[in-house]
Amino acid sequence: MVSRLMSAFSVLSVFFAVAMTASAQDSLAWKFESGESLKYVVQQSTQMVMNADGKQNTMNMEQTMDMVWKVTSAAGNGGFKMSQSVERVQVKTEGGAFGVVQFDSNSKEPVTSPVVKSMAESFRKIVGQEFAVTMQPTGKVTEVVVPEDLLKALTDSVQNSNVINEDTLKQMMSQSPVTFPGQPLKKGESWESSQKVELPFGTMTVVSKLVYEGTEEGVARISQSPRIEVLPREGAEITMTMKKSEGKGLVLFDVARGRITKSDLDLKLDLEVKRLNNAVQQSMRQKTSMVLAE
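First residue of the sequence shown? That's 147 in the working numbering, and the numbers climb one at a time after it.
If you want it as structure tokens, here you go:
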């Protein structure tokens, strides 16, 4: 159960929004050329402390994802069509019921651990799959097409189909890593970005306050302060209550090239997860960075 929740948060962490501008009043926009390819490395460090039945358990997880965006053609309204894929996943966990667990989707070594086998089965359904995405210059994603092979794999897997389906994948992939309000901004101006994902335990909403802090040497700085809310799903086997959510981060956006060069996010969550009559109190500290690989 915990691993499923952590997976949901991990995917969402890559897609927290940000944005905007330079000098007095300037406009920022994503810029791509047909045929170009961008590579992003997303690193995430998570510490989770769980309290249940008077016992405390701590789990640490380090995760690295290599992502590739391939621009295929222009779309309407100045937008772009591209494929987005995860090419490699590396995970290391310490603590919890299984101790030290390591996984690398590129590894050719035989897998003997049942935990790693389960992890490999889940991640390898997604690694290498190309999602067709249409993005506007503002960063808004207007269309997502999920690979048919991935849909079939999820349908054939009872465990995964209960957690992630086609609609959930589309919602996750629709969360642009940086969106703009579509108008010039002055230094110090702020705006909000709201994103929703439907999950088995309820609706997760991420609301981010974004502040344009100006441009230095062609790089726009945007601070972000996200908060997470969860609306429980009636009748769900698992219910999650978000007791506290706070975070802060900074995004660096190359104005001339029209893309993120680096983003950092530090997120703290206190929540309660209930299943039947069992309640687990959880505190999570998660640090995520996204870097454009040159």
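Using N, Cα and C, we set each Cβ at its ideal position, and we do this for glycine too.
Might you give, ordered along the chain, the residues of its own chain that have their beta carbon closer than 6 Å to the beta carbon of residue i, omitting 5 neighbours on each side?
i       : result
Gln-230 : Trp-215, Phe-277, Val-279
Asn-306 : Annotation note: pLDDT 46 at Asn-306 (below 50); position unreliable, coordinate value reported separately. Leu-300, listed in sequence order.
Ser-180 : Val-217, Ser-219
Gln-341 : Gln-321, Val-352
Thr-455 : This structure leaves residue 455 out entirely; the chain is present only between 147 and 440.
Met-430 : Met-194, Leu-415
Phe-269 : Val-235, Ser-251
Val-291 : Ala-278
Glu-208 : Ser-191, Lys-238
Taking the CB atoms as reference points, tell me whether residue i and residue j lie closer together than 9 Å.
i       : j       : result
Asn-197 : Val-426 : yes
Gln-236 : Ser-251 : yes
Pro-323 : Gly-285 : yes
Val-246 : Met-211 : no
Phe-347 : Arg-379 : yes
Gly-334 : Tyr-358 : yes
Pro-283 : Gly-224 : yes
How about residue i: is its C-beta nearer than 9 Å to some C-beta of chain C?
i       : result
Met-386 : Included in the structure is just one protein chain, with no chain C present.
Please report the residue range of the beta strand (DSSP E) in which residue i lies.
i       : result
Val-247 : 247-250
Pro-346 : Taken as a continuous stretch (DSSP letters only), Pro-346 belongs to no beta strand (DSSP E), as it is neither H nor E.
Ile-406 : 405-421
Met-273 : Reading the sequence as shown, one finds Val at residue 273 and not Met. Per DSSP, Val-273 belongs to no beta strand (DSSP E) and is neither H nor E.
Ala-366 : 365-378
Lys-333 : No beta strand (DSSP E) holds Lys-333; DSSP gives it neither H nor E.
Val-324 : Counting along the chain, Val-324 falls outside any beta strand (DSSP E), and DSSP gives it neither H nor E.
Gln-230 : 226-241
Ser-180 : Per DSSP, Ser-180 belongs to no beta strand (DSSP E) and is neither H nor E.
Val-291 : 287-291
Phe-399 : 384-400
Which residues bound the alpha helix (DSSP H) around residue i?
i       : result
Asp-199 : Premise fails: Asp-199 is in no alpha helix (DSSP H) and is neither H nor E.
Pro-260 : 260-269
Leu-438 : First-last for Leu-438: 424-439, but that is the beta strand (DSSP E), not the alpha helix (DSSP H).
Thr-314 : 312-319
Count the other C-beta atoms from every protein chain shown that fall within 10 angstroms of the C-beta of residue i, then say buried if there are 16 or more, exposed otherwise.
i       : result
Ser-354 : buried
Leu-422 : exposed
Ser-169 : The predicted model places Ser-169 with a pLDDT of 35, which falls under 50 and marks its position as unreliable; any figure quoted below should be read in that light. Exposed: under 16 other Cβ atoms inside 10 Å.
Lys-227 : buried
Gln-202 : exposed
Looking only at its own chain, which residues have a Cβ that is under 7 Å from the Cβ of residue i, when we skip the five neighbours before and after it?
i       : result
Ser-339 : Ala-163, Thr-325, Ser-354, Leu-356
Ile-272 : Val-232, Leu-296
Please report how far the alpha carbon of residue i lies from the alpha carbon of residue j, in whole angstroms.
i       : j       : result
Glu-289 : Ser-183 : 19 Å
Asp-313 : Glu-344 : 8 Å
Leu-377 : Asn-311 : 19 Å
Ile-368 : Gly-360 : 8 Å
Ser-371 : Thr-434 : 14 Å
Ser-409 : Pro-256 : 35 Å
Leu-417 : Gly-222 : 42 Å
Thr-385 : Lys-332 : 42 Å
Thr-349 : Val-419 : 14 Å
Gly-404 : Trp-176 : 4 Å
Val-157 : Thr-192 : Reliability of the predicted coordinates at Val-157 is poor, the pLDDT of 43 falling under 50, and no value is obtained from them.
Asn-424 : Glu-383 : 11 Å
Gln-432 : Ser-391 : 11 Å
Val-261 : Ser-253 : 16 Å
Glu-363 : Leu-174 : 15 Å
Glu-375 : Met-388 : 6 Å
Lys-394 : Met-281 : 25 Å
Leu-411 : Ala-366 : 16 Å
Gly-381 : Gln-428 : 22 Å
Going by beta carbon distance, what residues of the same chain come within less than 8 Å of residue i, once the five residues before and after it are set aside?
i       : result
Ala-266 : Phe-249, Ser-251, Val-257
Gly-241 : Asn-203, Thr-204, Met-205, Asn-206
Nearer than 8 Å: is that true of the beta carbon of residue i relative to any heavy atom of the ligand ADP?
i       : result
Thr-288 : Among the components of this structure there are no ligands whatsoever, and the ligand ADP is therefore not found.
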